[in-house]
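Counting along the sequence shown from 1, when you hit position 96 you're at 133 in our numbering, and nothing is skipped either side.
Structure first, then comments.
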Amino acid sequence: MAQELYSVEQVANQLGLHVRTIRNYVRDGRLKAVRIGKQYRITREDLEEFTGTPAAVVDVDRSTRHVEASSIVHIDAVDRATADRLSTHIHGALNQPEAVHLKAETIYDEERAVLKVIVLGNLPATADLLRLINMLAEQ
């Protein structure tokens with residue numbers, strides 16, 4: 038029988054907590070989880086042990102379509118200071134309430150003077166972040 042695995046986001050939604058809180062519980066060892074790639078997965082049994090109660094079944098709603106975008110932005114001719122400034126603004130934008138379903142990673146290649154930004158999220162939030170990146174890159 039397959040073991041039920043929950044994402045950090047699913048556990049946060051189920052418990053009514055912020056995703057960062059759940060990640061901190063995992064990192065502190067308070068909540069057991071396995072790391073698969075760059076993400077944590079939490080078994081139903083470990084969640085029940087953590088909460089002391091039976092875990093509610095996290096049901097995936099198949100009746101609603103979810104649309105997401107994956108984008109890679111390549112910005113060349115960027116020095117270290119500019120890359121740091123852009124990265125700070127981008128990661129700061131992720132802390133806004135409307136960016137709850139948005140993830141971004143920045144990677145700077147100093148040798149090539151290139152900043153790459155990987156953006157994953159729903160369409161409106163992704164579009165907003167891409168507009169911000171465009172505005173910052175043009176400065």
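Idealized CB from N, CA, C, for every residue including glycine.
A quick note: this is a predicted structure, and the numbers were derived from the prediction, not measured.
Reduced DSSP secondary structure (H/G/I, E/B, other) of residue i
i, result
"residue 76", "strand"
"residue 136", "helix"
"residue 126", "helix"
"residue 116", "coil"
"residue 56", "helix"
"residue 104", "coil"
Distance, residue j Cα to residue i Cα
i, j, result
"residue 60", "residue 87", "14 Å"
"residue 77", "residue 109", "23 Å"
"residue 174", "residue 123", "8 Å"
"residue 128", "residue 161", "17 Å"
"residue 166", "residue 56", "20 Å"
Residue i: first and last residue of the uninterrupted alpha helix (DSSP H) it sits in
i, result
"residue 147", "Neither: residue 147 is in no alpha helix (DSSP H) and is coded neither H nor E."
"residue 131", "Per DSSP, residue 131 belongs to no alpha helix (DSSP H) and is neither H nor E."
"residue 81", "81 to 88"
"residue 168", "160 to 175"
Run of the beta strand (DSSP E) containing residue i, from where it starts to where it stops
i, result
"residue 68", "Segment: none, residue 68 is in no beta strand (DSSP E) and carries neither H nor E."
"residue 42", "42 to 44"
From the options, residue whose alpha carbon lies closest to that of residue i
i, options, result
"residue 114", "107, 149, 163 and 42", "149"
"residue 152", "66, 118, 73 and 143", "143"
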